[in-house]
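Note sheet for the following structure.
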Amino acid sequence: MTVAFVDDFAQSLRDEGLAVNTVNSYVGGFRALYNRAGRTGLFEIPEKSPFAHLRLRREITVKRALSSQAVCELAQMQPSASTGLRRSLDYFLFCFMACGMPFVDLAHLTRDNIVGKDIVYQRQKTGMRVQVSITPSMRMIIKRYARKDSRYLFPILFEDGGSRSYYKYQLVRYNADLKIIGNYLRHPVTLTSYQARHTWATEALRQNTPIAVISQALGHTSEQSTRFYLDSLDQSIMKRANRKITKVVDNLVTGKA
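The sequence shown begins at 1252 in our numbering and counts up by one.
Now the structure itself:
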């Protein structure tokens, strides 16, 4: 392991368009794995670590939540399906309706995740179990992309799951489409996949939704006390909260507004 290798690794992450904090997270994880392997005797750690020159400082990020008006505008957009923008917009709105579901979890949804009138899945990042009600607009979007020859709900991954690099390609393409869509808003924004999640959480806070309910909906595991409380939280509370948060947008997508 050399300093040059570490620098090349960090630069390759930047070249993929990852944010500073995301790059730092990956490099920090790589460093922790390297140090752990050295301590177990797999190799001898040199006197000067190849990571010694790194200064991983967290960057203060700009708030990424969309306004309620912007979300309503997105719900009323009708981009051409032939450009791929329609599909990406549907994914974004679905993620918002599903309590801010991350794109990686959307990509891995299968028919088995539909349990009655709910979607039940485990976060790819944390392993936390999340359960969300299927709103009318979510059901409409699921039917739009349903394929009899695939177990996946959406045409994002190959049947065998595909490689990590293919998922990353799909994520880059998704964000490229969102960037175009964001420019069509009355007040253009740089729209990204993460904003569906951040916007849902911000709207939930604005409507005085309890933090514990938001934490469960997002599948967070950061605070032990919150996890303890969430174990006994009634699912109906979260379902009512999400209906309140997404009702207007849900009606716009289904054409009931």
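Ideal Cβ placement from N, Cα and C applies to all residues, glycine included.
Distance between beta carbons of residue j and residue i, contact taken as under 8 Å
i: Leu1326; j: Val1500; result: The amino acid at residue 1326 is misidentified as Leu; the sequence shows Ala. Rounded, the Cβ-Cβ distance is 5 Å, consistent with contact.
i: Ser1388; j: Thr1460; result: That belief does not hold up - the Cβ atoms of Ser1388 and Thr1460 are roughly 20 Å apart, past 8 Å.
i: Leu1336; j: Ile1431; result: 6 Å
i: Val1366; j: Pro1301; result: Rounded, the Cβ-Cβ distance is 47 Å, inconsistent with contact.
Where residue i falls, given that 16 or more other Cβ within 10 Å makes a residue buried
i: Ile1392; result: buried
i: Leu1322; result: Correcting the residue type first, residue 1322 is Val in the shown sequence and not Leu. Flag for Val1322 reads buried.
i: Leu1317; result: buried
i: Tyr1372; result: buried
i: Asp1428; result: buried
i: Ala1283; result: exposed
i: Asn1272; result: exposed
i: Phe1260; result: exposed
i: Arg1415; result: exposed
i: Glu1410; result: exposed
i: Gln1329; result: exposed
i: Gln1446; result: buried
i: Val1381; result: buried
i: Arg1287; result: exposed
i: Asp1356; result: buried
i: Ala1332; result: exposed
i: Arg1437; result: exposed
i: Leu1293; result: exposed
i: Arg1290; result: exposed
Other residues of its chain near residue i: CB distance less than 8 Å, five sequence neighbours each side excluded
i: Gln1421; result: Ala1358, Ile1407, Leu1408
i: Tyr1425; result: Ser1339, Tyr1342, Phe1354, Ser1444
i: Lys1368; result: Ser1384, Ile1385
i: Tyr1417; result: Leu1408, Phe1409
i: Arg1395; result: Asp1341
i: Arg1398; result: Pro1406
i: Ser1319; result: Glu1454, Val1499
i: Glu1531; result: No information on residue 1531 is available, as it lies outside the stretch 1252 to 1508 that the chain covers here.
Own chain partners of residue i with C-beta closer than 6 Å, once the 5 adjacent residues on each side are dropped
i: Val1440; result: Gly1433
i: Tyr1403; result: Thr1361
i: Tyr1277; result: Leu1264
i: Met1352; result: Cys1346
i: Leu1307; result: Asn1275, Gly1279
Close beta carbons around residue i, own chain, < 7 Å, minus the five adjacent residues each side
i: Thr1450; result: Ala1316, Leu1317, Val1322, Phe1347
i: Cys1458; result: The sequence as given places Gln at residue 1458; Cys does not occur at that position. These residues qualify, in order along the chain: Lys1495, Ile1496.
i: Lys1442; result: The sequence shown places Leu at residue 1442, rather than the Lys named in the question. Excluding residues within five positions, the ones whose Cβ falls inside 7 Å are Leu1429, Lys1430, Ile1432, Gly1433.
i: Ala1455; result: Ile1465, Ala1492, Ile1496
i: Asn1364; result: Ile1370, Val1371, Tyr1372
i: Val1254; result: Pro1301, His1304
i: Lys1490; result: Ser1384
i: Thr1529; result: What the structure shows of the chain is the stretch from 1252 to 1508, and residue 1529 is not part of that stretch, so it cannot be assessed.
i: Glu1474; result: For Glu1474, the pLDDT reaches just 43, beneath the cut-off of 50, and the residue's location in the model is therefore unreliable, although a value from the coordinates is still provided. Answer for Glu1474: no residue qualifies.
Those runs of the alpha helix (DSSP H) which lie wholly inside the stretch 1379 to 1436 and span at least 4 residues: List check, alpha helix (DSSP H) in window: 1387 to 1396, 1415 to 1433.
Secondary structure, beta strand (DSSP E): runs of 3+ residues fully inside the stretch 1352 to 1381: Runs of the beta strand (DSSP E) lying entirely within the stretch 1352 to 1381 and spanning at least 3 residues, in chain order: 1369 to 1373.
Which runs of the alpha helix (DSSP H) at least 4 residues long sit entirely within the stretch 1433 to 1467? Give them in chain order. 1445 to 1457
What are the start and end residues of each continuous alpha helix (DSSP H) run of 4 or more residues lying completely inside the stretch 1303 to 1351, in chain order? Qualifying alpha helix (DSSP H) stretches, in chain order: 1319 to 1327, 1336 to 1348.
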